[in-house]
Amino acid sequence: MRILLLILLGVLPASADDAATAFHRDVRPLLSKYCFACHGREDPDGNLSFELIETREEIEAAWESWEAATEHLTHQTMPPEGEAQPTANERDVIISWYSRLRAGITPRPALYRPRRLSVEEYRNTLRTVFGFELEVAIIEAEQTLTERSMVRKLMPVDPPGPSGFRNDTYSNPISLVAWDQYSLLTDRAIQELLSDRRVAVLERFVGPISDSGLTRVQAADLLTEFAERTIRRTPAAQRIAQLRQRIMKDPETEVLAVLVPELKALLMSPQFLYRGTLQVRPQETRGAVDQFELAERLSYFLWADMPDAELLDLAARGELKGARISQQIDRMLKLPGARSLSQVFASEWLTLGEIEHVSRNPPVMLALKSQPHDFMHYLFTANRPLLELIDSQTAFINVHTRRMYGKDAQQLPKYVKQKGIEIEAVPNGRITLNETKERGGILTMPGVLAMNRGPILRGTWILERILGDELPEPPPDVGQVQPNRNGAKLTFRERFEQHRSQPACAVCHDRIDPLGFAFQEFGSGGQFLRSSSYRPPKKNRTSPNAPKPGDQIDTSGQLPTGEKFSNVAELKRILVTSQRDRVTRNIVKRTMSYALCRKLSIYDQPIVDDITEQMMKTDGTWRDLFVAIAESVPFREAIWSSPEGQP
Numbered sequence: 314m315r316i317l318l319l320i321l322l323g324v325l326p327a328s329a330d331d332a333a334t335a336f337h338r339d340v341r342p343l344l345s346k347y348c349f350a351c352h353g354r355e356d357p358d359g360n361l362s363f364e365l366i367e368t369r370e371e372i373e374a375a376w377e378s379w380e381a382a383t384e385h386l387t388h389q390t391m392p393p394e395g396e397a398q399p400t401a402n403e404r405d406v407i408i409s410w411y412s413r414l415r416a417g418i419t420p421r422p423a424l425y426r427p428r429r430l431s432v433e434e435y436r437n438t439l440r441t442v443f444g445f446e447l448e449v450a451i452i453e454a455e456q457t458l459t460e461r462s463m464v465r466k467l468m469p470v471d472p473p474g475p476s477g478f479r480n481d482t483y484s485n486p487i488s489l490v491a492w493d494q495y496s497l498l499t500d501r502a503i504q505e506l507l508s509d510r511r512v513a514v515l516e517r518f519v520g521p522i523s524d525s526g527l528t529r530v531q532a533a534d535l536l537t538e539f540a541e542r543t544i545r546r547t548p549a550a551q552r553i554a555q556l557r558q559r560i561m562k563d564p565e566t567e568v569l570a571v572l573v574p575e576l577k578a579l580l581m582s583p584q585f586l587y588r589g590t591l592q593v594r595p596q597e598t599r600g601a602v603d604q605f606e607l608a609e610r611l612s613y614f615l616w617a618d619m620p621d622a623e624l625l626d627l628a629a630r631g632e633l634k635g636a637r638i639s640q641q642i643d644r645m646l647k648l649p650g651a652r653s654l655s656q657v658f659a660s661e662w663l664t665l666g667e668i669e670h671v672s673r674n675p676p677v678m679l680a681l682k683s684q685p686h687d688f689m690h691y692l693f694t695a696n697r698p699l700l701e702l703i704d705s706q707t708a709f710i711n712v713h714t715r716r717m718y719g720k721d722a723q724q725l726p727k728y729v730k731q732k733g734i735e736i737e738a739v740p741n742g743r744i745t746l747n748e749t750k751e752r753g754g755i756l757t758m759p760g761v762l763a764m765n766r767g768p769i770l771r772g773t774w775i776l777e778r779i780l781g782d783e784l785p786e787p788p789p790d791v792g793q794v795q796p797n798r799n800g801a802k803l804t805f806r807e808r809f810e811q812h813r814s815q816p817a818c819a820v821c822h823d824r825i826d827p828l829g830f831a832f833q834e835f836g837s838g839g840q841f842l843r844s845s846s847y848r849p850p851k852k853n854r855t856s857p858n859a860p861k862p863g864d865q866i867d868t869s870g871q872l873p874t875g876e877k878f879s880n881v882a883e884l885k886r887i888l889v890t891s892q893r894d895r896v897t898r899n900i901v902k903r904t905m906s907y908a909l910c911r912k913l914s915i916y917d918q919p920i921v922d923d924i925t926e927q928m929m930k931t932d933g934t935w936r937d938l939f940v941a942i943a944e945s946v947p948f949r950e951a952i953w954s955s956p957e958g959q960p
């Protein structure tokens, strides 16, 4: 508020141009003095070169680096210990300059660009268009580990985009391999739709089918229906007339010989495989996206799937606006499609896919993996507060995880295994944590702890995924923690203190280690070591660095910001109190980036600030966050050409 007041009074420059001038006058000399040695032009640490930043565009594009730099300067964690240190006044010069840069930014949406459907979006959309899942032909029992989806089996996996999410496909166009797979999948889907086993599905599109097969009118009706489904908006009347004419014009040709190529053309078109190719460009440079584009943005955000009939109907009538937005979000969160928020968004954000590698026992692995998914789905759809992510009295367990929840597991009904099924995905039951004080929230879930074996992985995961910090790659000569020698009985933490004594290592480990060692009461498999029910694993599967029952375990720590804690419970309390701004801001940024399918820019930061403040003031829920994002400028608007002088 003080910075804003000074800008309004004309004491500080507010424009980006003024900030660029101040950068060269005040900031760059300090960076040269204290930072260029490590972050210069050649082989910069962390791939960050301050020396290469010169123009206004480069200054604004590097906003994430400025965010990290000002945080380091605030907490005096950079430059590293042993290097020349800026004075308090010099630190304030850089921090104040970035505050002025941020305050001078006016929010604006991104340049409008069509985007290819991700593999998961394509799979869901194809299923919605046809009314059935395209599956691999396998014979097996129900509820097993085998992947049934033919799309997942055949399509190349999407790499994460610059945002870190796989729906960020702007820089990943369709490859020749993917094109061949699209063609194969389209052929298989059409073939199955027209097969005897899918007659009931086909009749939902065209009505009762006689023994002689589809009539030309029915074929034309089917093509018309698919034309709307594949472009996800109301087709032009002329387009519909053309499609129907193609079916009706040649009565001598067998109806399927005409229908099948037309269906395939729709399903292989850019309008189906991409989003946004049919957006009507307005006359102005910047403006609201059309109603159908907004419907798509909502559905692919909350469902990773195409809009349903209600959304498309509202869009066609121009009524998807105002209070209707929040009403639709409430409706959408109650439907099965909202599962994608936990299975796709949360899984990619929190790297939950790594849980697949923590156990060779399929039922146990499935239990560990499904637990955080069910928990996140509960948070997303039950209107729960954002910070319940960190600490919650609600948990989801089954027969394979119940031993880690003590007396609280007695709330589950008795499990009876189905006969004839060797590998069963047992559904979770919801319990309230009354006695199991060491659990609660995402941080202490067994699968999350097991996928991050050890304090360094755990601390890094919390720092990056929960607090939103970015860490550079460790130095190549980092080495290993040395074992005890000559009869010494040092704990792993004590030996690690010796290992990380180099100043260059301490810069990151001062932030990582307190967070990670707070979880030393939990074994590498996520078990609570102080629990009376804990049974140590076999020797050959126990890490020599893992604490053992009876060991003295030091879980105390101090964050770089000064807060001290003695155990996980106190750390979680810090995260939801004095660190709640960082946690909330990271949640907002991650969710917004997923919703927009792109990395956030500096022009999104005022919106991030506003939503973060709103969530903190009102103890906002996940539903509140979804609504705030859907009503924001970046979500509702677009730029169709760059304004003069802007990137």
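If you read the sequence shown in the working numbering, its first letter stands for residue 314, the second for the next number, and so on.
We treat Cβ as the ideally placed atom computed from N, Cα and C, and that holds for glycine.
Under the three-state reduction of DSSP, Arg-766 is assigned to coil, being neither helix nor strand. Residue pairing from DSSP places Lys-877 in a beta bridge opposite Gln-871. Within the same chain, Cβ atoms closer than 6 Å to the Cβ of Leu-627 are found at Leu-633, the five residues on either side in sequence being excluded. Following the DSSP letters along the chain, one finds Arg-743 inside the beta strand (DSSP E) bounded by residues 742 to 745. Excluding five sequence positions before and after Glu-944, the CB atoms of its chain that fall closer than 7 Å to its own CB belong to Ile-638, given in chain order. For Thr-904, the uninterrupted alpha helix (DSSP H) segment begins and ends at 893 to 909. Listed in chain order, the alpha helix (DSSP H) elements of length 4 or more contained wholly in the segment 572 to 652 are 583 to 586, 604 to 615, 622 to 629, 636 to 646. Nearest neighbour of Phe-585 by Cα position, chosen from Val-573, Ile-366, Asp-331, Leu-430, turns out to be Leu-430. In the three-state scheme derived from DSSP, where H, G and I count as helix and E and B as strand, Glu-950 is classed as strand.
Sequence-distant Cβ neighbours of Tyr-718 in its own chain, meaning closer than 6 Å and more than five residues away, are Ile-710, Thr-749. Counting every other CB atom within 10 Å of its CB across the protein chains shown gives Ala-513 a total below 16, marking it as exposed. Contact between the segment 759 to 767 and the segment 821 to 838 is present, with at least three C-beta pairs closer than 8 Å. For Ala-423, there is no enclosing alpha helix (DSSP H), since its DSSP letter is neither H nor E. If the five residues before and after Met-905 are omitted, its C-beta is found closer than 6 Å to the C-beta atoms of Ile-942, all from its own chain and listed in chain order.
Taking a C-beta distance under 8 Å as the contact criterion, Gln-592 and Gly-631 do not qualify as a contact pair. Here Arg-559 carries a helix assignment [DSSP, helix/strand/coil]. CA-to-CA, the gap between Ile-887 and Asp-823 works out to about 17 Å. A Cβ-Cβ separation of about 14 Å leaves Asp-618 out of contact with Ser-655 under the 8 Å criterion. Per DSSP, reduced to three states, the secondary structure at Pro-726 is coil, with no helix or strand assignment. In chain order, Asn-711 place their CB closer than 7 Å to the CB of Pro-740, counting only its own chain and leaving out the 5 sequence neighbours on each side. DSSP places Ile-710 within a strand segment (E or B) once states are collapsed to three.
Note that the C-beta distance between Pro-873 and Gly-359 is not below 8 Å. In this model, Thr-499 and Arg-529 are separated by some 22 Å (Cα to Cα). For the pair Met-678 and Ala-659, the CB atoms are not nearer than the 8 Å cut-off.
Looking at Gln-871, Gln-840, Leu-842, the one whose alpha-carbon comes closest to that of Gly-829 is Gln-871. Following the DSSP letters along the chain, one finds Asn-437 inside the alpha helix (DSSP H) bounded by residues 432 to 443. Between the alpha carbons of Phe-336 and Ala-375 lies a distance of about 13 Å. Between Thr-438 and the set Thr-745, Asp-621, Phe-948, the nearest pair of CA atoms involves Asp-621. In the structure shown, Phe-835 falls within a strand segment according to DSSP collapsed to helix, strand and coil.
Of the candidates Pro-827, Leu-569, Ser-476, Thr-694, the residue whose Cα lies closest to the Cα of Lys-877 is Pro-827. Pairing Leu-576 with Leu-536 gives a Cβ-Cβ distance under 8 Å. Using a Cβ-Cβ distance cut-off of 8 Å, the segment 393 to 404 and the segment 334 to 353 are in contact, since at least three pairs of beta carbons, one from each stretch, lie closer than that value. Setting aside the 5 residues that flank it on each side, Pro-427 is surrounded in the same chain by Tyr-587, Arg-588, Gly-589, Thr-590, each with a C-beta closer than 7 Å to its C-beta; the list follows chain order.
Gly-635 and Glu-661 have their alpha carbons spaced roughly 31 Å apart. By the CB criterion at 8 Å, Asp-721 and Leu-746 fall inside the cutoff.
Between the alpha carbons of Ser-508 and Ala-533 lies a distance of about 18 Å.
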